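2 protein chains.
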Amino acid sequence: MIKVGIFGYGNLGKGVECAIAKNSDMELVAVFTRRDPASVQVKTAGVQVYHEDALKDMTDKIDVLVLCGGSATDLPEQTPKYAALYNVVDSFDTHARIPEHFANVDAAAKKAGKTCVISCGWDPGMFSLNRLYANCILPDGKDYTFWGKGVSQGHSDAVRRIEGVKDCRQYTIPVEAALEAVRSGKQPELTTREKHTRECFVVAEEGADLAKIEAEIKNMPNYFSDYDTTVHFITEEEMKRDHSGLPHGGCVIRTGVTGFNNENTHVVEYNLKLDSNPEFTGSVIAAYARAVAKLNAEGQNGCKTVFDIAPAYLSNLSGEDLRAHLL
Amino acid sequence: MIKVGIFGYGNLGKGVECAIAKNSDMELVAVFTRRDPASVQVKTAGVQVYHEDALKDMTDKIDVLVLCGGSATDLPEQTPKYAALYNVVDSFDTHARIPEHFANVDAAAKKAGKTCVISCGWDPGMFSLNRLYANCILPDGKDYTFWGKGVSQGHSDAVRRIEGVKDCRQYTIPVEAALEAVRSGKQPELTTREKHTRECFVVAEEGADLAKIEAEIKNMPNYFSDYDTTVHFITEEEMKRDHSGLPHGGCVIRTGVTGFNNENTHVVEYNLKLDSNPEFTGSVIAAYARAVAKLNAEGQNGCKTVFDIAPAYLSNLSGEDLRAHLL
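Those protein sequence lines, which keep their order, are chains H and S.
Each number in the numbering used here corresponds to the 1-based position in the first sequence with 91 added.
Each number in the numbering used here corresponds to the 1-based position in the second sequence with 91 added.
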């Protein structure tokens with residue numbers, strides 16, 4: 092059994108917990124939190140919740156520690172720190188800071204003889220993998236990534252900060268015509284506005300100026316001003332009834348040409364439709380937690396990404412079984 | 092530069108040749124054939140064609156030898172034989188015989204300090220990879236593979252063997268309703284007939300009994316009797332004009348559930364639309380030829396499949412560049 096610990100019990104931590112329950116060779120041994128442990132109730136029977144401080148004393152009880160904090164401030168500090176004590180997996184997703192994060196985690200892990208995977212999930216993660224495979228197969232081509240239809244937490248939060256807004260759920264939606272143009276293999280150049288639209292469901296405070304809120308959303312730089320955005324005002328009851336899930340998904344498409352006269356076009360598409368973004372992300376993390384445990388047992392230490400790990404490490408089946416049943 | 096040799100210059104050999112031309116770090120150094128070399132004209136300027144016999148003397152000139160023979164009789168003999176002399180890649184696709192083929196190639200390669208990849212292409216190959224990843228991420232789920240729309244060479248050949256048939260092109264076509272049912276996440280049980288239809292374009296000999304040919308096709312065991320098949324009789328000119336390409340493709344879909352009450356469904360789909368089956372297969376092989384050269388340089392010998400090779404080995408970019416641009 093692979094003994095897994097979870098640090099951080101928000102949506103992602105709960106998603107990892109669900110995923111562990113689906114893997115017969117894994118066991119959740121403990122959840123760690125910065126909150127008062129007594130205030131945290133986990134779903135898996137018999138699993139204890141500890142304060143973060145306990146992590147320094149439990150290195151002999153945990154094979155892989157999954158870090159479920161945020162990329163902005165938590166993981167840049169936590170992942171290198173705990174890579175010195177544990178094999179760890181995180182889902183660090185600030186693309187621009189990945190090189191620096193990788194270097195910090197790699198140094199800590201190598202010094203301690205630990206194995207780590209950073210930036211694990213679906214983007215970065217499975218989408219990255221599919222970009223890489225398709226780029227290597229079709230060097231003469233063009234990549235496209237579409238997100239949605241799904242809830243963007245960052246955009247929902249940005250709207251919630253507007254005066255007069257009680258709650259918001261923001262959906263990112265790929266433009267069907269853009270998807271079709273890409274799938275035709277014609278390699279269109281697409282602007283930000285042509286690729287995605289944004290749809291906001293907003294609960295306003297009583298007496299708030301709805302026209303002002305709508306204008307503030309639509310003109311918000313970086314988040315909305317480059318997109319066609321639709322705003323719907325709804326009640327708290329409607330929000331709860333119709334928008335309580337965290338669906339997401341999207342696709343990575345690469346189209347490219349082969350032949351001595353570029354006469355043949357190929358379209359490679361990887362497509363995800365996810366009812367629960369955190370549970371799917373947690374499921375990817377669980378598979379890579381298995382890989383981390385195996386790699387560490389082989390003495391393959393340091394920081395890795397999904398690019399560095401042979402697919403077979405993700406499975407609990409033997410090479411013989413994989414070749415017989417999945418090849 | 093990675094120096095590549097091609098043994099066998101049919102559709103696949105030509106596809107590999109095209110692919111090498113698209114990879115700036117690879118060079119085609121020679122083509123080998125069992126035919127009279129003087130009868131074989133290759134497209135790449137300055138590349139010599141040799142008889143198979145020359146292979147025993149060119150081990151110092153070639154980094155990776157790509158074997159483009161057939162799976163029925165060529166590769167079971169050729170791949171172990173040349174794994175004793177070269178790093179090799181083949182596209183062996185007789186699923187039931189993969190364990191035996193793997194063992195033979197592994198023994199020869201390990202003895203000689205060579206690195207080999209067998210069963211490389213899109214199915215087996217990229218489809219297998221996607222089955223493996225999706226199975227590891229969603230252990231509680233169900234796999235579906237659909238092929239087409241595309242030309243099946245095996246089925247076309249089977250029809251050509253019928254008395255009165257001059258030529259045939261057989262298309263395998265996925266049933267749209269089955270694809271929709273699978274993508275809904277409901278995990279339907281589908282019969283062979285429900286998943287694919289078959290369409291044959293046949294050029295008959297003058298005076299042939301068309302009704303008899305059609306009946307023979309539709310009732311052919313293994314190939315057609317379990318499918319709804321449509322037969323069209325066309326002229327040789329129509330065959331040449333409308334059916335000279337070798338398009339193919341298909342998709343691997345896994346749907347699965349997560350959550351403590353299985354309340355969330357996820358759909359993972361990998362989809363290929365290929366204008367040229369042999370050129371895309373050749374492109375996959377070229378990427379794995381690069382991996383084989385790198386693995387051998389690291390001393391990682393023996394037989395591998397796509398399951399055993401970390402994605403980064405397929406690329407000519409450094410780990411830093413991959414993390415910065417594709418993660």
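All C-beta atoms, glycine included, are put in the ideal place defined by N, C-alpha and C.
The structure presented is a predicted model; accordingly, all values stated were derived computationally and were not measured.
- At least one CB of chain S lies nearer than 8 angstroms to the CB of glutamate 370(H).
- In the structure shown, methionine 117(H) adopts extended strand secondary structure according to DSSP, grouped into three states.
- For arginine 284(S), there is no enclosing beta strand (DSSP E); the enclosing alpha helix (DSSP H) covers residues 283 to 286.
- Exclusion of the five residues before and after glycine 160(H) leaves Gly99, Leu166 and Gln169 as the residues of its chain whose Cβ lies within less than 6 angstroms of its Cβ.
- Bounds of the beta strand (DSSP E) holding glutamine 139(H) are 139 to 142.
- Close to chain H, meaning a Cβ-Cβ distance shorter than 7 angstroms, are the following residues of the region 190 to 214 of chain S: Pro190, Phe193 and Ser210.
- Around the beta carbon of glycine 239(S), 16 or more other beta carbons sit within 10 angstroms, so the residue counts as buried.
- Around the CB of phenylalanine 351(S), fewer than 16 other CB atoms lie within 10 Å, so the residue is classed as exposed.
- Nearest to serine 182(H) by C-alpha distance, out of Gly104(H), His416(H), Lys205(H) and Arg332(H), is Gly104(H).
- Under the three-state reduction of DSSP, glutamate 254(H) is assigned to coil, being neither helix nor strand.
- Non-local C-beta neighbours of lysine 201(H) in its own chain, meaning closer than 7 angstroms and more than five positions away in sequence, comprise Asn392 and Gly393, ordered along the chain.
- The Cβ-Cβ distance between alanine 380(S) and isoleucine 93(S) falls below 8 angstroms.
- Per DSSP, threonine 150(S) lies in no beta strand (DSSP E) segment and is marked neither H nor E.
- At least one CB atom of chain H sits nearer than 8 angstroms to the CB of histidine 357(S).
- Not a single C-beta of chain S is nearer than 8 angstroms to the C-beta of lysine 233(H).
- Note on geometry: alpha-carbon atoms of isoleucine 189(S) and lysine 172(H) lie some 45 angstroms from one another.
- For leucine 337(S), the beta-bridge partners assigned by DSSP are Ser367(S).
- If you ignore the 5 residues before and after valine 120(S), its C-beta comes within less than 8 angstroms of the C-beta of Lys94, Val95, Gly96, Val138, Lys152 and Ile153, all in its own chain and listed in chain order.
- Inclusion of valine 375(H) and isoleucine 228(S) in the CB contact set at 8 angstroms is warranted, their separation being smaller than that value.
- Excluding the 5 residues flanking it on each side, alanine 110(H) has same chain C-beta neighbours closer than 6 angstroms at Gly373, Ser374 and Ala377, in chain order.
- The count of Cβ pairs closer than 8 angstroms, one atom from the region 384 to 391 of chain H and one from the region 202 to 210 of chain H, reaches three, so the stretches are in contact.
- Under the three-state reduction of DSSP output, phenylalanine 351(S) falls in the coil class, being neither helix nor strand.
- Pairing leucine 337(H) with asparagine 310(S), the inter-Cα distance amounts to about 50 angstroms.
- Scanning chain S for C-beta atoms nearer than 7 angstroms to the C-beta of valine 375(H) yields Ile228, reported in chain order.
- Contact of threonine 396(H) with chain S is assigned, a C-beta pair being separated by under 8 angstroms.
- A straight-line Cα-Cα distance of about 4 angstroms links cysteine 259(S) and valine 293(S).
- Among the CB atoms of chain S, one or more fall inside 8 angstroms of the CB of arginine 414(H).
- The Cβ of lysine 364(S) sits closer than 8 angstroms to at least one Cβ of chain H.
- The beta carbon of aspartate 151(H) sits no closer than 8 angstroms to any beta carbon of chain S.
- The way I'd put it, the region 278 to 296 of chain S does touch the region 313 to 333 of chain S; three or more beta-carbon pairs between them come closer than 8 angstroms.
- Chain H places no beta carbon closer than 8 angstroms to that of arginine 332(S), leaving this residue out of the contacts.
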